[in-house]
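A.B. asks: Mapping of the sequence shown onto the working numbering: residues 423 to 838, in sequence order.
For glycine and all other residues, C-beta sits at the position ideal for the given N, C-alpha and C.
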Amino acid sequence: MKKTSLLSLLFISIVSHAQWNSTVNSPAHFSASANGTVPFSIMQQRFNLPPSGGDNGSLAFAASDGQYSNGIGFLLGGNVASPLVWMYGFDDRNAFTIARKEYNPNPSEALVNGDLNPLMQVRANGYVGIGTTDPKSHLQIGSYSRFTNAMGNTYISRGWYYDGNNRSSTTDPSMIGLQNNGILFFANEGGTANQVYTPSVRMMIKSNGNIGIGTEAPDEKMVLQGGNLKIFSGGPEGSRLIWGGGTNGLQEYRARVGEDGSLEFFPSEGNAVALTLTQDRNIGIGTKNTRGYKLAVAGNMIVEKIKVKTYANWPDYVFDSSYALPSLKEIEAFIGKNKHLPGIPSAKNIREEGLDIADNQAALLQKIEELTLHLISQDKEKSEQRKKIDKQQEEIDQLKKQLTAIMQLIEKSNQQ
Numbered sequence: 423m424k425k426t427s428l429l430s431l432l433f434i435s436i437v438s439h440a441q442w443n444s445t446v447n448s449p450a451h452f453s454a455s456a457n458g459t460v461p462f463s464i465m466q467q468r469f470n471l472p473p474s475g476g477d478n479g480s481l482a483f484a485a486s487d488g489q490y491s492n493g494i495g496f497l498l499g500g501n502v503a504s505p506l507v508w509m510y511g512f513d514d515r516n517a518f519t520i521a522r523k524e525y526n527p528n529p530s531e532a533l534v535n536g537d538l539n540p541l542m543q544v545r546a547n548g549y550v551g552i553g554t555t556d557p558k559s560h561l562q563i564g565s566y567s568r569f570t571n572a573m574g575n576t577y578i579s580r581g582w583y584y585d586g587n588n589r590s591s592t593t594d595p596s597m598i599g600l601q602n603n604g605i606l607f608f609a610n611e612g613g614t615a616n617q618v619y620t621p622s623v624r625m626m627i628k629s630n631g632n633i634g635i636g637t638e639a640p641d642e643k644m645v646l647q648g649g650n651l652k653i654f655s656g657g658p659e660g661s662r663l664i665w666g667g668g669t670n671g672l673q674e675y676r677a678r679v680g681e682d683g684s685l686e687f688f689p690s691e692g693n694a695v696a697l698t699l700t701q702d703r704n705i706g707i708g709t710k711n712t713r714g715y716k717l718a719v720a721g722n723m724i725v726e727k728i729k730v731k732t733y734a735n736w737p738d739y740v741f742d743s744s745y746a747l748p749s750l751k752e753i754e755a756f757i758g759k760n761k762h763l764p765g766i767p768s769a770k771n772i773r774e775e776g777l778d779i780a781d782n783q784a785a786l787l788q789k790i791e792e793l794t795l796h797l798i799s800q801d802k803e804k805s806e807q808r809k810k811i812d813k814q815q816e817e818i819d820q821l822k823k824q825l826t827a828i829m830q831l832i833e834k835s836n837q838q
């Protein structure tokens, strides 16, 4: 307390540049003036300085009118109070203001009056303002900041500015701006603390809850513009993405990277994989093992249309004159030995290797074309046979007529 009092008195002597003319009252007052300027007084609430025992000691600097409205006190607590610094003022005035006074070599102009520039203010209601004389909350930093970019002027009503040591250059700070439509995070690439010449937006949180990374205008809940999104976990199954919704309770679907590096999608209940995308770009539905196929489906599948495009030789060659059409006897012999048509996979082969739709369609078409050729051949044979039968029938009818005539002649001869 003794050191505090001495420093206070030293401060007063420096400011006033005068010799103290003091009188001691109860409480004690010390009056002083400097070169005819406005006098002020010092009030000692307790005579003991420094205080002794449980007494409280304080100093108060008061205006010359004796109202003590501009007071600053140093109080040493006794048995129940801790040491504190207090400022004396009315409820409708500031508790105290820290201001900067322009330098003036004239000692008479060095007093606390005149050209003062407030730097910080504490209101009677406890609101603190730094860079503003009208704080609206318990802590308000600055009033308005202006940032300029190549697109014009952008006014940010409230903001925080960070210019720490961990940056690439002296003109590369990071800033947070508060706008009417949200919060803006950006970096100053080539500007100063207050003036942004080439701003680079890092993230925007809009008032509607949309978040934009690399953009100021996110039109969805999350928009990533430019760059990549990386989600990493050191676990054996990697990280997971979870999203869900539904009117009858939350229904979730999750995505993760499997141990083999494949991308797996599955519902929230259980670990049964619904969809798999392997590293070799194969897709599995209901299965993780695509067995080397581009699409593997475990279970039934229904579609309205399937179009298979194949570059294999389509079996129109069957109708070529040089094609060796197997005879029905040859086919019969092959069936008797192998129990399936030539060129058609067996049941065992289908079970083991599956059915190639394109190859099977081509093989079936080949058999249909071969069968068509056999039918055409048989139809030709039947046509020839029909002609022969018709001719034979004519001959038979002619013979019948001749026989009838002969029988009639014989009958007449017998009657004579």
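(1) Buried or exposed: Glu792, going by 16 or more other Cβ atoms within 10 Å of its Cβ?
(2) Below 8 Å between beta carbons: does that hold for Lys716 and Val695?
(3) With a Cβ-Cβ cutoff of 8 Å, do His796 and Leu763 count as a contact?
(4) Between which two residues does the alpha helix (DSSP H) holding Glu754 run?
(5) Specify whether the stretch 641 to 650 and the stretch 623 to 633 touch according to this definition: at least 3 beta carbon pairs, one from each stretch, less than 8 Å apart.
(6) Using three-state DSSP, classify Glu674 as helix, strand or coil.
(7) Is the CB-CB distance between Ala720 and Ile707 below 8 Å?
(8) To the nearest angstrom, how far is the alpha carbon of Ser684 from that of Trp736?
(9) Could you compute how far the alpha carbon of Thr555 sits from the alpha carbon of Asn547?
(10) Pull the bridge partners of Ala718 from the DSSP assignment, please.
(11) Counting C-beta neighbours from all protein chains within 10 Å, is the total for Gly551 16 or more, i.e. buried, or is it exposed?
(12) First and last residue of the beta strand (DSSP E) that includes Thr794?
(13) May I have the straight-line CA-CA distance separating Gly758 from Glu752, to the nearest angstrom?
(14) Ends of the beta strand (DSSP E) at Glu686?
(15) Distance, Cα to Cα, Asn760 vs Ser743?
(16) Please report how far the alpha carbon of Leu786 lies from the alpha carbon of Thr700, in whole angstroms.
(17) Give me the Cα-Cα distance between Gln820 and Gln830, rounded to the nearest whole angstrom.
(18) Excluding sequence positions up to five away, which residues of its chain have a Cβ less than 6 Å from the Cβ of Ile520?
(19) Looking only at its chain, what residues have a beta carbon closer than 6 Å to the beta carbon of Val623, apart from the 5 residues adjacent to it on each side?
(20) Taking all protein chains shown into account, decide if Thr732 is buried (16 or more other Cβ within 10 angstroms of its Cβ) or exposed.
(21) Between Asp738 and Gln788, what straight-line distance do the alpha-carbon atoms span, to the nearest angstrom?
(22) Note down the Cα distance separating Lys628 from Leu606, rounded to an integer number of angstroms.
(23) From the DSSP output, which residues share a beta bridge with Arg522?
(24) Determine the DSSP secondary structure at Arg773, reduced to helix, strand or coil.
(25) Spatial neighbours of Met813 within its chain, please: CB distance less than 6 Å, with the 5 preceding and 5 following residues excluded, ordered by chain position.
(26) Starting from Gln647, trace the beta strand (DSSP E) both ways and give me its first and last residue.
(27) From Thr826 to Ile818, what does the alpha carbon distance come to, in whole angstroms?
(28) Can you give me the start and stop residues for the beta strand (DSSP E) that Ile550 sits inside?
(29) May I ask you to report which of helix, strand or coil DSSP gives Met695?
C.D. replies: The structure says:
(1) Position 370 of the sequence shown, counted from the first residue, corresponds to residue 792. Burial call: buried.
(2) Taking the first residue of the sequence shown as position 1, residue 716 is located at position 294. Taking the first residue of the sequence shown as position 1, residue 695 is located at position 273. Not in contact: Lys716 and Val695 (Cβ atoms no closer than 8 Å).
(3) The count along the sequence shown starts at 1 and reaches residue 796 at position 374. The count along the sequence shown starts at 1 and reaches residue 763 at position 341. Taking 8 Å as the Cβ cut-off, His796 and Leu763 do not qualify as a contacting pair.
(4) Numbered from its first residue, the sequence shown carries residue 754 at position 332. Counting along the chain, the alpha helix (DSSP H) containing Glu754 begins and ends at 750 to 760.
(5) Between the stretch 641 to 650 and the stretch 623 to 633, the count of Cβ pairs shorter than 8 Å is three or higher; the stretches touch.
(6) Within the sequence shown, numbered from 1, the residue matching residue 674 stands at position 252. Strand, per DSSP.
(7) Working through the sequence shown from its first residue, we reach residue 720 at position 298. Working through the sequence shown from its first residue, we reach residue 707 at position 285. When the beta-carbon positions are compared, Ala720 and Ile707 come within less than 8 Å of each other.
(8) In the sequence shown, residue 684 corresponds to position 262, counting from 1. In the sequence shown, residue 736 corresponds to position 314, counting from 1. Cα-Cα distance, rounded: 37 Å.
(9) One-based indexing of the sequence shown puts residue 555 at position 133. One-based indexing of the sequence shown puts residue 547 at position 125. So the alpha carbons of these two residues sit roughly 13 Å apart.
(10) As a working note, residue 718 is residue 296 in the sequence shown. Secondary-structure assignment with DSSP links Ala718 through a beta bridge to Gly706.
(11) If you number the sequence shown from 1, residue 551 lands on position 129. Buried is the call here.
(12) What you label residue 794 is simply residue 372 of the sequence shown in a count that begins at 1. Counting along the chain, Thr794 falls outside any beta strand (DSSP E), though it belongs to the alpha helix (DSSP H) covering 779 to 837.
(13) As a first step, residue 758 must be located in the sequence shown, where it is residue number 336. As a first step, residue 752 must be located in the sequence shown, where it is residue number 330. Cα to Cα, Gly758 sits roughly 10 Å from Glu752.
(14) Here the question's residue 686 lines up with position 264 in the sequence shown. 685 to 689 is the extent of the beta strand (DSSP E) around Glu686.
(15) Numbered from its first residue, the sequence shown carries residue 760 at position 338. Numbered from its first residue, the sequence shown carries residue 743 at position 321. Their Cα atoms are separated by approximately 28 Å.
(16) Sequence index remark: in the sequence shown, residue 786 carries index 364 (1-based). Sequence index remark: in the sequence shown, residue 700 carries index 278 (1-based). Approximately 33 Å between the Cα atoms of the pair.
(17) Walking along the sequence shown from the start, residue 820 turns up at place 398. Walking along the sequence shown from the start, residue 830 turns up at place 408. About 16 Å.
(18) Walking along the sequence shown from the start, residue 520 turns up at place 98. Within the same chain, Ile520 has close Cβ partners Leu541, Met542.
(19) The count along the sequence shown starts at 1 and reaches residue 623 at position 201. Correct list, in chain order: Phe608, Glu638.
(20) Taking the sequence shown and counting its residues from 1, the one referred to as residue 732 is at position 310. The residue is exposed, with fewer than 16 neighbouring Cβ atoms inside 10 Å.
(21) Here the question's residue 738 lines up with position 316 in the sequence shown. Here the question's residue 788 lines up with position 366 in the sequence shown. Asp738 and Gln788: Cα-Cα distance of roughly 8 Å.
(22) Taking the sequence shown and counting its residues from 1, one reaches residue 628 at position 206. Taking the sequence shown and counting its residues from 1, one reaches residue 606 at position 184. So the two alpha carbons sit approximately 8 Å from each other.
(23) The residue you call residue 522 lines up with position 100 of the sequence shown. Asn539.
(24) Stepping through the sequence shown from its first residue, residue 773 is reached at position 351. Residue state, collapsed to three classes: helix.
(25) As a working mapping, residue 813 is identified with position 391 in the sequence shown. At residue 813 the sequence reads Lys, which differs from the Met that was named. Excluding positions up to five away in sequence, the list is empty.
(26) Position 225 of the sequence shown, counted from the first residue, corresponds to residue 647. Element bounds for Gln647: n/a, residue is neither H nor E.
(27) The residue you call residue 826 lines up with position 404 of the sequence shown. The residue you call residue 818 lines up with position 396 of the sequence shown. Those two C-alpha atoms are separated by around 12 Å.
(28) Stepping through the sequence shown from its first residue, residue 550 is reached at position 128. It should be pointed out that residue 550 corresponds to Val in this sequence rather than to Ile. Where Val550 is concerned, the enclosing beta strand (DSSP E) stretches over 550 to 552.
(29) As a first step, residue 695 must be located in the sequence shown, where it is residue number 273. As written in the sequence, residue 695 is Val, which differs from the Met given in the question. Here Val695 sits in coil by DSSP.
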